[in-house]
Every structure is written in structure tokens, then in C-alpha cells.
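*Asks:* Before I ask anything, here is the structure I am working with.
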Ligand code: ADP
């Protein structure tokens with residue numbers, strides 16, 4: 004069965020068409036600037052040249068129709084007709100406490116996603132627009148919602164409650180949820196497989212280090228803690244997000260700079276992290292290049308980033324009372340050998356050491372610790388789209 008995986012943002016839409024038998028990507032692409040002038044569809048069919056189509060996309064329904072047209076096009080298409088799409092898997096950012104696993108989309112599910120939307124006001128409404136656009140164009144094709152938060156719903160109360168008046172949890176569901184769950188789930192499972200084990204018998208720490216980043220503790224197959232919170236702002240220092248900090252800073256800066264809470268929120272999400280610290284870029288490659296040229300702020304930002312990751316690993320070793328494997332994934336985790344080595348320098352106390360030669364890889368599955376290490380250090384490329392396709396198949400077959 005061919006499964007269309009959709010990741011819909013407010014003005015963008017990413018897609019992959021995956022053959023669930025071979026698990027091969029038949030085509031992938033991106034619609035940008037939906038609802039804005041200069042809309043662009045970039046479509047990449049497997050084994051053929053990439054095509055760019057510039058045409059107005061006033062809304063997501065038009066964008067989805069263009070995606071279907073591209074997939075079925077005589078020249079750059081990969082299927083003959085819509086009938087060859089057996090199901091659609093949608094990435095949905097926030098499932099609140101309602102969703103601990105993926106679900107087939109029904110009217111009740113849509114209502115429930117709407118109900119938790121105030122926890123992710125920028126993301127969930129866009130995800131719902133993607134679902135309804137697909138329903139309009141592909142009536143009768145089953146749809147599945149796969150939540151970023153679902154894998155973390157096994158966290159115990161002691162890990163998810165904030166040190167706040169309990170009534171905020173009761174009234175507004177203010178608690179820690181965690182994100183990147185599809186990736187933490189996929190990578191922890193894959194790491195165990197690579198070691199010839201089941202993750203149900205292991206303690207695994209996954210470091211998802213991309214533009215956004217989070218660490219999770221997966222104890223015998225279940226997530227017991229993760230670094231992101233009610234929103235993706237908590238935890239690691241990220242590309243543009245601050246991560247953990249003294250919450251009193253918000254009021255202090257608002258007063259000094261005359262910012263509203265919404266403006267402060269924007270600073271914390273979009274202008275902080277390694278971008279704000281270095282003043283160079285949110286892209287780790289640019290910051291590394293600046294560091295190599297002697298830029299001290301770039302060096303300080305990278306040092307702080309790696310140090311924070313190492314601290315979270317230490318915290319999760321404590322949370323699980325041990326660890327068997329530590330897996331690095333996402334843009335920085337998969338590609339940045341130097342970064343992995345710097346983080347692992349902090350981990351000697353665990354009886355593990357990185358092997359410089361094995362670590363000299365980009366985007367490849369490999370154990371990167373020295374033979375005989377008590378804890379396996381690993382590079383495990385994530386594949387969220389494949390994970391969404393697998394979960395979709397599971398629910399519709
Ligand atoms: P997201 O999905 O959150 O946008 P990604 O997982 O794609 O993020 O990761 C993007 C980050 O990965 C960027 O900061 C980029 O600099 C970094 N990255 C990608 N390739 C490399 C590389 N070869 N070396 C260092 N960093 C890299």
C-alpha cells in the first residue's frame with residue numbers, strides 16, 4: 004500500500020509518498036508560502052529530477068491538490084491515480100493527555116485535537132487544516148493522526164508535574180508533555196535492534212539534536228522523562244530557543260526592554276538559543292565555521308549547547324539508575340562528529356569512551372563507542388516519515 008505522509012504547517016506542507024511494502028520513498032516534496040504571494044511546490048520523485056512549480060496556493064486544499072497532481076503527473080509523477088494512495092498519515096504536534104498513541108481520524112478525534120489546540124496554538128490548527136484539506140480531496144481514504152507528544156505519555160507524574168500550584172494542572176492541563184516523540188520512539192527501537200536486543204530489556208537515552216532538540220529517557224521501552232515541556236521551549240539550548248532558564252528573567256527583561264509577554268515569548272522561541280548567544284546563525288554549521296575563525300561568542304554558544312546535552316544525559320542516567328545505550332540523532336546528532344565527541348567526553352564516568360575512527364561518520368547507523376564499553380554510544384539516523392507511515396499502516400490494514 005502507498006501511504007502519503009503529511010506534515011502541515013501554517014504556511015507550508017511537507018509530504019512523502021512511501022510504499023509500505025518496500026518502505027521506499029516514491030516521492031517527496033514541500034509546498035511553501037501557502038496563502039502568501041510566491042507559493043512554490045518543490046517535488047522530488049525518486050530517481051527523477053526535482054521539479055519546482057511556482058503557482059498560487061491560496062489555501063491548503065489547493066496545495067494538496069497540486070501535490071496529488073504532481074504525484075500523478077505523466078512526466079514527474081510516480082503513481083497513475085489517486086486510487087493508488089491507500090492511506091494518509093498526518094503529523095499532529097500536540098495530543099495533550101488525550102492521545103497516548105496514533106489514531107484513525109474520526110469526527111471525535113478532530114474535536115479532541117481542537118480541544119487541546121490551545122496548548123499548541125501555532126501548530127495544531129495548521130495540522131487540522133491539513134487533515135480537512137486531505138479529506139476534501141481524498142474522501143474515503145483513511146487518515147491517521149500521529150502525535151509528537153504520544154510517546155511521552157508514559158512519563159510518571161513525578162516527571163511531568165511542574166512545581167506550580169496544582170490548580171493550573173487541573174484547570175489548564177499545565178504539565179510537561181514532550182515533543183519529537185515519533186523520533187524518540189523510532190530511534191530507541193532502532194538502537195536496540197542494532198545491538199541485537201529488544202528495547203524492552205534496555206535503558207536507552209536518545210539525544211535528538213536538530214534545530215529543535217530534546218533528550219529522552221526510555222526505560223524498558225517506555226519513555227520516563229524528556230527534556231521538552233508543555234511547549235518545545237524547555238530543555239536544551241536549541242537553534243533559536245532558550246531552553247531551561249530562570250523564569251523570573253521574563254519579567255525582568257519585559258520591564259527593562261518594555262516588551263509584552265507575547266514579544267518575550269517570541270524572543271525566547273525565535274531569537275535565543277545558539278542564534279542569540281552567538282549572534283552568528285541558528286545553523287550549527289555556520290556557528291562552527293565562525294568558531295574555527297576564532298569567534299569567541301560562537302565558541303561560548305557551542306560549549307553551552309554541548310554542556311547542556313551532557314547534563315541531561317547525566318540526569319537521565321540518574322532517573323533510570325543506569326543506561327545501556329546513548330543514541331545521537333537528527334541534523335546535528337547524525338552529522339556532527341565533533342559535537343558527538345565533545346558531548347561524550349563528559350561521559351567517562353559511565354565506563355564508556357567514544358572511538359574516534361568509528362565516530363568519523365555522517366548520517367549512518369553505527370555504534371561509535373570503543374569495543375568493551377559498558378555503555379554503547381551510537382549514531383542512529385531518525386526517520387519520522389517512515390515511522391508515521393508504519394503507524395498509519397498498522398491502524399488501517
Ligand atoms: P529540524 O528538523 O529541527 O529543522 P534538523 O534535524 O534538520 O532540524 O537539523 C538541522 C541542524 O542540523 C542545523 O543546525 C544544521 O546546521 C545541522 N547540521 C546538518 N548537517 C550538519 C553537519 N554536517 N554538521 C553539523 N551540523 C549539521
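Numbering (my numbering), first residue to last: 4 to 400. Quick reminder that beta carbons are idealized off the backbone N, C-alpha and C, glycines included.
Pick helix, strand or coil for residue 395, following the three-state DSSP scheme.
*Replies:* Helix.
*Asks:* Could you tell me the alpha carbon to alpha carbon distance between residue 265 and residue 272, rounded to whole angstroms?
*Replies:* Answer to the nearest angstrom: the Cα atoms are 11 Å apart.
*Asks:* Could you compute how far the alpha carbon of residue 50 sits from the alpha carbon of residue 302?
*Replies:* Their backbone Cα atoms lie some 41 Å apart in a straight line.
*Asks:* Taking residue 88 as the reference, which of 339, 6, 195 has the closest Cα?
*Replies:* With distances taken between Cα atoms, residue 88 lies closest to 6.
*Asks:* Could you tell me the distance, in whole angstroms, from the CA atom of residue 152 to the CA atom of residue 184?
*Replies:* Each residue's alpha carbon lies about 5 Å from the other.
*Asks:* Could you give the residue range of the beta strand (DSSP E) that holds residue 406?
*Replies:* Given a span of 4 to 400 for the chain in the structure shown, any question on residue 406 remains unanswerable.
*Asks:* Whole beta strand (DSSP E) runs in the segment 266-345 with 3 or more residues, listed along the chain?
*Replies:* Complete beta strand (DSSP E) runs here, min 3: 328-332.
*Asks:* According to DSSP, is residue 33 part of a helix, a strand, or is it coil?
*Replies:* In the structure shown, residue 33 sits in a strand (DSSP, three-state: E or B).
*Asks:* If residue 326 sits next to residue 210, beta carbons under 8 Å apart, how far is it from one beta carbon to the other, in whole angstroms?
*Replies:* Actually they are not in contact, since the Cβ atoms of residue 326 and residue 210 sit about 12 Å apart, beyond 8 Å.
*Asks:* For residue 3, name the three-state secondary structure that DSSP assigns.
*Replies:* The displayed coordinates of the chain run from 4 to 400. Any statement about residue 3 would go beyond what the structure contains.
*Asks:* My output table needs one value for residue 52: the three-state DSSP class, helix, strand or coil.
*Replies:* Here residue 52 sits in coil by DSSP.
*Asks:* What did DSSP end up calling residue 150 once you bin it into helix, strand or coil?
*Replies:* It is a strand residue.
*Asks:* Name the residue from 369, 389, 352, 391 whose alpha carbon lies nearest to the alpha carbon of residue 382.
*Replies:* Measuring from the Cα of residue 382, the nearest candidate turns out to be 369.
*Asks:* Tell me the rounded alpha-carbon separation between residue 337 and residue 366.
*Replies:* Distance between the alpha carbons of residue 337 and residue 366 is about 5 Å.
*Asks:* Is the number of C-beta pairs between the segment 274-283 and the segment 239-258 that are closer than 8 Å three or more?
*Replies:* Cβ pair count under 8 Å is three or more, so yes.
*Asks:* Confirm the yes/no value for this check: CB of residue 288, any heavy atom of the ligand ADP, distance under 8 Å.
*Replies:* Yes, the Cβ of residue 288 comes within 8 Å of a heavy atom of the ligand ADP.
*Asks:* Taking the alpha-carbon positions, what's the residue 285 to residue 296 distance?
*Replies:* Each residue's alpha carbon lies about 17 Å from the other.
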